[in-house]
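In our numbering, the protein residues as written are 12 to 120. Every residue, glycine too, gets a C-beta built ideally from N, C-alpha and C. Read through the structure below, which is laid out as structure tokens, and then see the notes.
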């Protein structure tokens with residue numbers, strides 16, 4: 012983003028069906044608000060995020076963190092749901108997910 016541009020902060024986050032499971036994410040990326048919130052809630056800074064993802068404008072991380080703080084209960088519930096999903100996958104596929112397991116996983120309703 013150019014320094015002179017006036018940006019409506021409501022345009023910095025987006026949700027698209029079929030992209031990152033339709034979850035709210037940073038515009039133009041596949042980084043979900045929940046992903047950024049997890050980093051922030053764990054004490055990481057926007058500077059840390061920019062260092063890890065230099066192609067993403069810092070304003071997008073700030074927008075995600077502002078959203079997460081303003082909607083903390085909702086975001087924390089989403090993070091807990093994601094954690095349960097990962098735990099379930101680890102139980103179901105203790106040896107990891109290979110091509111056969113991925114086909115099985117993505118063919119489930």
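- In the structure shown, residue 24 adopts extended strand secondary structure according to DSSP, grouped into three states.
- Your pair residue 104 and residue 93 does not check out as a contact, with CB atoms roughly 16 Å apart and the cut at 8 Å.
- Linking residue 116 to residue 43 through their CA atoms gives a straight-line distance of about 21 Å.
- Runs of the alpha helix (DSSP H) spanning 4 or more residues and lying entirely within the region 29 to 54 occur at 44 to 52, in chain order.
- With fewer than three CB-CB distances shorter than 8 Å, the region 47 to 61 does not count as touching the region 23 to 35.
- Taking every protein chain shown into account, the CB of residue 78 has 16 or more other CB atoms within 10 angstroms, so this residue is buried.
- Nearest C-alpha to residue 69 among 108, 38, 106, 109: 38.
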